[in-house]
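Under numbering that gives the first Met the number 0, the sequence shown has 642 at position 643, and the numbering climbs by one with no breaks.
Worksheet for the structure shown next.
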Amino acid sequence: MTVFRMLDSFVLRRAGFALSLIAGLGCPRTAAALREAHKWDECAEAVRSELLGQAIPAEVTRLREAGDKASLRALSRLRSRLGRRTRAELPVGDWSPALAAAHMAWTAALDAADRETALAGKLLGEEEPEAAARLLALTGRADVREAIFLLSPDFLETLLRRDLRGDGNSDGARTARDRALERRVYAFLQRLAAKNETTSFFGPICFGRVDAEADAVGRGPETPAGVVHREAFFAFWAAAAWGKAAAAVPAIRRHLPPRRLPVAVIEDTRATIPGRPPVELDATAVALLRAADGTRAPAQLAAELGLSPEETARRIGALERALLLRRDLEPSSTTVHPLRDVVSRLPDVPEARRFTSAAADMGTLLERFAEETAVPRRTKLLAAAEELFESVTGVPARRNQGRTYADRFILFEDCRADDEPLIWPAAVARRVENALDPVLRLGLTGGRIQRDGLRAIAAEVLAEGGGSMPFLDFADALAARLSQGAFEPVLDVWGRWRTTLLDRFLTASDGRVAHLAPYEIEDLADPPEGSFFVSPDVMVQGDDDAPLVLGEIHPYVFAWGLQGVFAPDPARLAADIAPVLDVWGGTARAATVLHRRQHKGLVGEAYPGRFIEVAGRAGVGSERRLAVGDLRAVLRDGEPELVSPHGPISLYVGEDDHPHLRVFAPVPVDFPRLRTGGHTPRLVLGDLVVQRERWDLPAGALAGIIAAEGRLELFRAVVTERERRGWPRHVFALSPTETKPVYLDLDVPQAQEQLRLLAAAGPLAVSEMLPGPGRLWLHRSDGHHTSEFRVALVGRVQARP
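Printed below as a string of structure tokens:
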């Protein structure tokens, strides 16, 4: 029996702009005319098939019997043109009424299609310039300009230069350059109005909680800006560059506490790092290596080891050359303020003062940046911050230009939303639990199949290694075994289970929607015993009786990442989250592998367990830090176990592409992606849409769209694909060239251009927007907003009676 219970705290993620921001950018009359043209094209094609398959063969038989060779030759020419889909008049002759009527119907359909297409061309000439003008006019809004500035200051500069030049050509004609600008504007605006990003005021963080006494959903008051608190943060990569510049100063470097590389494995008098031959050490070097935890300065190490300062310096240098030690100012990957962390570890020497002083100035600029919302003032503040950064580090202040999701600048902003207090009555939480439970049990079943298979292979690897191995050696040995195909039988079992699950859905499909009751898949759910954690995204539709919609399923506790910093009541949040620690056996056993931070970070110092340092550094006390080189994988009672110097540990998460981590983490909730090839219907399980309707298209599948020349031809090609494939007007498209899906309103010419670019880049996945524009749950004073709830659940699975 499984019992999943939702924790009282949850997060609402929403777009800061209403979806109405990008409404009114389409060409609806053009679209309607082209749909009519498509219907007549389909009618003409049906009649053409009738002509070629029935009417003409019957006419050939009649003419042969009559010996009318001239008419047969004329009919042959007509059939040839029909085969090439070329318009042709019916020659003068004594034709049967059936052939004459069919030919008349064909030409009438072609004429109607031409008339509708011509009408569409006229309408497009009227609608498109007006829609494009409305699109560009949106960039004049102060809030839109602020958002664009935060996403791409360079693009804002492009818009400002355009303002100075004037609005296009004097004759009103739009050039290819104008159209490219419009397409780029649409790409930015769809992010602002259709994406639930956790970024600045256009993706604010809102905490909610379940109130057993409430009888209805409640939301706090709105503010004009949509947020109640702004905070600017210094980017991790920029703090790392700051620390690197400081550590390069010899007078600073001499005083930096050396730290052992976390990947160094020490066994007796031998030290090894991956990919390099072992290094033999004497007892003093081993003692120094073990004591170098990044907190003891050289003078302190000398005193503890009974060495002279000169001897200590010599030995530190030797271990550095062997790549076993490093002296740096790498910021902590667990702190939300990495620059403060760098400054706090600067030694008290004169050469460090300029870095400390500059950091104080940078802190002031960050505070002012969060307070000042007007773009002109923010532009000046960003320029001052970038100039200061470059003067200190010698590194360009911007990187990865054009990338959608990356730390491109030296700072970023996050905001707390104004919807608090956001309240759910207990009935809503119970609905969410009940809707998710069947899917989560299936996810645990799929996760168990793969994890059990991995653990069996891991046990074989450990048995062959004598029952105990350094964790890094185990990781290499396991990877080697998997590369030989050891996991393929497990994947076969999992694949058959997934196929059976998909088949159950397809048997209930009407071609567009497949709806199963939970009892119809009960026999496929076989979750393991134990406790489990999961944090899915759930969307509520505007209609009360419409099913919930499942987004991504996450293994991370949102309270332990950057989002937790914005909690209105941190103590209450911590109390709500406390029960999840049982999943990992409490703080004594819980541990997370810490890689070098790439962006905002998914785990911070609020995480109560231990940090296993690999490429990142943890900003917590030494009692909570573990070097990955100190871990061992052991075989205990036939089961793999991960052991630290403090005892057995359980990993916070096991990443899909790191099987050596999955072996020692709880079973993940891994609901499989179900695909049927080109088209997969919407999959609904009970009260939950588990997958939106989706079309998976190989490269070149949209050849008509890719090859279309001119705006009318492109519009017509898009309408043709929509009608042929059954696409709704509002979709998301995912391409290997984009990190996240792109929202497309297929009546908008700029969205059609975006679709063409994505299709030309390679394979493409198109999925329905659900909830759609007319069914969005969150309604604010400026209209409906896309939104999703990130909830947290703990599941406890007991043995079947």
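Heads up, the beta-carbon is just placed ideally off N, CA and C, and yes, glycines get one too.
Where residue i sits in the DSSP three-state scheme
i: residue 390; result: helix
i: residue 583; result: helix
i: residue 563; result: helix
i: residue 594; result: coil
i: residue 776; result: coil
i: residue 208; result: strand
i: residue 24; result: coil
i: residue 612; result: strand
i: residue 221; result: coil
i: residue 742; result: strand
i: residue 6; result: coil
i: residue 149; result: helix
i: residue 401; result: Its pLDDT being 49, under 50, residue 401 is placed unreliably in this model, and the coordinates cannot settle the point.
i: residue 79; result: helix
i: residue 285; result: helix
i: residue 673; result: coil
i: residue 461; result: helix
i: residue 187; result: helix
i: residue 70; result: helix
CA-to-CA distance, residue j to residue i, given in whole angstroms
i: residue 791; j: residue 577; result: 12 Å
i: residue 169; j: residue 768; result: Low local confidence applies: a pLDDT of 48 at residue 169 is under 50, so the model's placement there is unreliable, with the coordinate-based value given in what follows. Approximately 39 Å between the Cα atoms of the pair.
i: residue 619; j: residue 603; result: 10 Å
i: residue 336; j: residue 232; result: 7 Å
i: residue 404; j: residue 696; result: Low per-residue confidence applies at residue 404: pLDDT is 49, beneath 50, and the placement is therefore not dependable enough to give any value.
i: residue 304; j: residue 274; result: 30 Å
i: residue 16; j: residue 787; result: 14 Å
i: residue 435; j: residue 687; result: 7 Å
i: residue 75; j: residue 710; result: 37 Å
i: residue 472; j: residue 3; result: 37 Å
i: residue 702; j: residue 37; result: 17 Å
i: residue 198; j: residue 464; result: 48 Å
i: residue 47; j: residue 134; result: 42 Å
i: residue 561; j: residue 415; result: 12 Å
i: residue 698; j: residue 140; result: 38 Å
i: residue 401; j: residue 137; result: Interpretation of residue 401 is limited by its pLDDT of 49, a score under 50 that renders its predicted location unreliable; the figure taken from the coordinates is listed afterwards. Using only the alpha carbons, I get a separation of about 21 Å.
i: residue 64; j: residue 84; result: 28 Å
i: residue 149; j: residue 203; result: 14 Å
i: residue 61; j: residue 718; result: 41 Å
i: residue 844; j: residue 413; result: Missing from the structure shown is residue 844; the chain here goes from 0 to 800 and no further.
Near the ligand FMN: residue i beta-carbon under 7 Å from a heavy atom
i: residue 443; result: In the structure shown, the ligand FMN is absent, as is every other ligand, since no ligand is present at all.
Residues bridged to residue i (per DSSP)
i: residue 411; result: 232
i: residue 787; result: 12
i: residue 647; result: 642
i: residue 62; result: Residue 62 is not bridged to any residue.
i: residue 31; result: Residue 31 pairs with nothing; no bridge assigned.
i: residue 278; result: 270
i: residue 576; result: In DSSP, residue 576 forms no bridge with anything.
i: residue 806; result: The chain is shown from 0 up to 800; residue 806 falls before or after that span and cannot be answered.
i: residue 679; result: 693
i: residue 456; result: According to DSSP, which records beta bridges pairwise, residue 456 is partnered with nothing at all.
Contact under 8 Å by Cβ, residue i with residue j
i: residue 449; j: residue 489; result: yes
i: residue 321; j: residue 278; result: yes
i: residue 354; j: residue 391; result: yes
i: residue 311; j: residue 301; result: yes
i: residue 35; j: residue 126; result: no
i: residue 665; j: residue 579; result: no
i: residue 351; j: residue 245; result: yes
i: residue 680; j: residue 454; result: no
i: residue 209; j: residue 340; result: no
Candidates the options: closest to residue i by CA position
i: residue 287; options: 258, 177, 131, 275; result: 258
i: residue 615; options: 632, 591, 630; result: 591
i: residue 771; options: 562, 691, 761; result: 691
i: residue 610; options: 548, 147, 599, 629; result: 629
i: residue 447; options: 250, 672, 239, 496; result: 496
i: residue 674; options: 524, 503, 198, 738; result: 503
i: residue 107; options: 154, 352, 87; result: 87
i: residue 652; options: 669, 241, 745, 732; result: 669
i: residue 330; options: 293, 351, 318; result: 293
i: residue 130; options: 26, 264, 745; result: 26
i: residue 235; options: 430, 506, 255, 411; result: 411
i: residue 223; options: 775, 18, 66, 201; result: 201
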